[in-house]
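Structure first, then comments.
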Amino acid sequence: MPSPTPRSALLYLDHAATTPVRSEVRDAMLPFLSDEQYGNPSSGHAAGRAARAALDRARRGIADALGCEPGDVVFTSGGTEADNLAVIGAALRARMDDRPFRVIVSRTEHKAVIDAAHAVERLGGEAVFLDVDGEGRVEPQAAADAVRAGAAVLSVMWVNNETGVVQNIPALAGAAADAGVPFHTDAVQAVGKIPCAMDAPIAMLALSAHKIGGPKGIGALVVRDAGQITPVLHGGGQQRGIRPGTENVAGAVGLATAVELAVAEREEAMPRVRELRDRLASGIAAAVPGLAVTGDGAARAPHILHVTIPDLDGNALAIHLDQAGIACSTGSACSSGQSSPSHVLTAMGVQPERPYAPLRLSLSATTGDEAIDEVLRRMPTVIGQVRVLTAALRGST
Numbered sequence: 154m155p156s157p158t159p160r161s162a163l164l165y166l167d168h169a170a171t172t173p174v175r176s177e178v179r180d181a182m183l184p185f186l187s188d189e190q191y192g193n194p195s196s197g198h199a200a201g202r203a204a205r206a207a208l209d210r211a212r213r214g215i216a217d218a219l220g221c222e223p224g225d226v227v228f229t230s231g232g233t234e235a236d237n238l239a240v241i242g243a244a245l246r247a248r249m250d251d252r253p254f255r256v257i258v259s260r261t262e263h264k265a266v267i268d269a270a271h272a273v274e275r276l277g278g279e280a281v282f283l284d285v286d287g288e289g290r291v292e293p294q295a296a297a298d299a300v301r302a303g304a305a306v307l308s309v310m311w312v313n314n315e316t317g318v319v320q321n322i323p324a325l326a327g328a329a330a331d332a333g334v335p336f337h338t339d340a341v342q343a344v345g346k347i348p349c350a351m352d353a354p355i356a357m358l359a360l361s362a363h364k365i366g367g368p369k370g371i372g373a374l375v376v377r378d379a380g381q382i383t384p385v386l387h388g389g390g391q392q393r394g395i396r397p398g399t400e401n402v403a404g405a406v407g408l409a410t411a412v413e414l415a416v417a418e419r420e421e422a423m424p425r426v427r428e429l430r431d432r433l434a435s436g437i438a439a440a441v442p443g444l445a446v447t448g449d450g451a452a453r454a455p456h457i458l459h460v461t462i463p464d465l466d467g468n469a470l471a472i473h474l475d476q477a478g479i480a481c482s483t484g485s486a487c488s489s490g491q492s493s494p495s496h497v498l499t500a501m502g503v504q505p506e507r508p509y510a511p512l513r514l515s516l517s518a519t520t521g522d523e524a525i526d527e528v529l530r531r532m533p534t535v536i537g538q539v540r541v542l543t544a545a546l547r548g549s550t
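Right, here's the structure in full:
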């Protein structure tokens, strides 16, 4: 096993898991984390009104960036809560309105959506899981066929958090709208990475701050029509009653700042990120026989590279990469600690006859050429060591 690398030499290529908080975001939040601005936005006095004004500015900033109305922005604790509110909230509203108590989601969704769909089943509803092709794409016609019988919501994520595969959201949202079914998309990995706005017939869109240089613990659900969902939390009437509870003003300000910066900088930053990702892919492929890029035939977001490497033990690879000072993921960070096959890869039909290791390397605008060079220098040694270890493990069983 390689010797641990000093922390100063850490190569961070796990930006799809989380990102460092940008200095601009930190500066914008600081007054609301001190004794300068600490009012409760529901209070009627001056301190409360100042907090309310900050929330309103945050909503306007997000709305301008995403092409929606400020009143559509509902702050949540993150992407997971936003997804749950969309899926379960839409299902509960449908049941109340005597509409089909049925949700339709793709098999490659984030676990927040998959598990929310299963929660609907436990409540007595129906969950339909759409198949994907070998590249991880949902066929719009399959979605159109599924919604024809009616549903509370169709949910398909814009960019897959493991593979980076981009779905045809305008076509999918259009199919749902034609059937009178609300469409929700998890855009956590899309905002600031690809053109992403509420100009398609999207009813609900989820986003998260910590994927784009903002703080953890804050996200939002953009809701076009509040009448299409019912709250899943209760107590207080904040945010039109859709998501009650005292708002996280500092977090909302941080989210808005992160969204505004990410969207404004996307056109300049992401082509360079894509070039770095492609150079990384080419370099690893040249050094690692048998490597396959997941979703290579589909449109992919510029910041995520997902590969599978044959004859490697995934757990051993994760340990050795960490020991070598390469911070990346051998799965989704939201499912850390699990050694079971990825539900995303399984849905895509990845069923190898021999062991393989999935590897996700994710970049951001802060990733430098030097980091890519150093990863390409260290990676072959790590993979060679893990191949030897994997062979030894197989030989002992």
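In case it helps, the working numbering puts the sequence shown at residues 154 to 550.
Virtual Cβ for every residue (Gly too), placed ideally from N, Cα, C.
Quick caveat: nothing in here was measured; it's all calculated off a predicted structure.
Euclidean distance between Cα positions of residue i and residue j
i: residue 399; j: residue 207; result: 14 Å
i: residue 456; j: residue 384; result: 34 Å
i: residue 312; j: residue 366; result: 18 Å
i: residue 351; j: residue 292; result: 21 Å
i: residue 290; j: residue 195; result: 44 Å
i: residue 536; j: residue 314; result: 24 Å
i: residue 442; j: residue 219; result: 42 Å
i: residue 364; j: residue 390; result: 29 Å
i: residue 339; j: residue 319; result: 11 Å
i: residue 538; j: residue 544; result: 10 Å
i: residue 243; j: residue 216; result: 22 Å
i: residue 513; j: residue 495; result: 12 Å
i: residue 280; j: residue 199; result: 48 Å
i: residue 188; j: residue 228; result: 23 Å
i: residue 429; j: residue 525; result: 7 Å
i: residue 205; j: residue 236; result: 25 Å
i: residue 325; j: residue 534; result: 43 Å
i: residue 334; j: residue 528; result: 46 Å
i: residue 439; j: residue 449; result: 16 Å
Residue range of the unbroken beta strand (DSSP E) whose run includes residue i
i: residue 255; result: 255 to 259
i: residue 513; result: 509 to 515
i: residue 171; result: Residue 171 -> no beta strand (DSSP E), and no H or E assigned at all.
i: residue 331; result: Here residue 331 belongs to no beta strand (DSSP E); instead the alpha helix (DSSP H) covers 322 to 331.
i: residue 339; result: 336 to 339
i: residue 280; result: 279 to 283
i: residue 306; result: 306 to 308
Run of the alpha helix (DSSP H) containing residue i, from where it starts to where it stops
i: residue 224; result: Where residue 224 is concerned, there is no enclosing alpha helix (DSSP H), given that its DSSP letter is neither H nor E.
i: residue 247; result: 232 to 249
i: residue 271; result: 264 to 275
i: residue 294; result: 293 to 300
i: residue 497; result: 496 to 500
Three-way DSSP call (helix, strand, coil) for residue i in this model
i: residue 525; result: helix
i: residue 432; result: helix
i: residue 455; result: coil
i: residue 198; result: coil
i: residue 463; result: strand
i: residue 408; result: helix
i: residue 350; result: coil
i: residue 439; result: helix
i: residue 206; result: helix
i: residue 385; result: coil
i: residue 503; result: coil
i: residue 344; result: coil
Bridge partner(s) assigned by DSSP for residue i
i: residue 185; result: Beta-bridge pairing links residue 185 to no other residue.
i: residue 191; result: Paired residue(s): none; residue 191 is not in a bridge.
i: residue 373; result: 228, 360
i: residue 475; result: Beta-bridge pairing links residue 475 to no other residue.
i: residue 217; result: Bridge partners of residue 217: none, in fact.
i: residue 164; result: 479
i: residue 445; result: 461
i: residue 312; result: 319
The ligand NAD heavy atom lying under 7 Å from the CB of residue i
i: residue 543; result: Among the components modelled here there is no ligand, and therefore nothing to report on the ligand NAD.
8 Å Cβ cutoff, residue i in contact with chain C
i: residue 288; result: Included in the structure is just one protein chain, with no chain C present.
query = Would you call the stretch 174 to 189 and the stretch 403 to 420 in contact, with 3 or more CB pairs under 8 Å?
reply = yes
ask   = When the Cβ atoms of the stretch 411 to 431 are set against those of the stretch 446 to 466, are three or more pairs found closer than 8 Å?
value = yes
message = Whether or not the stretch 366 to 381 and the stretch 271 to 280 are in contact is what I'm after, with contact meaning three or more pairs of Cβ atoms, one per stretch, closer than 8 Å; do they touch?
response = no
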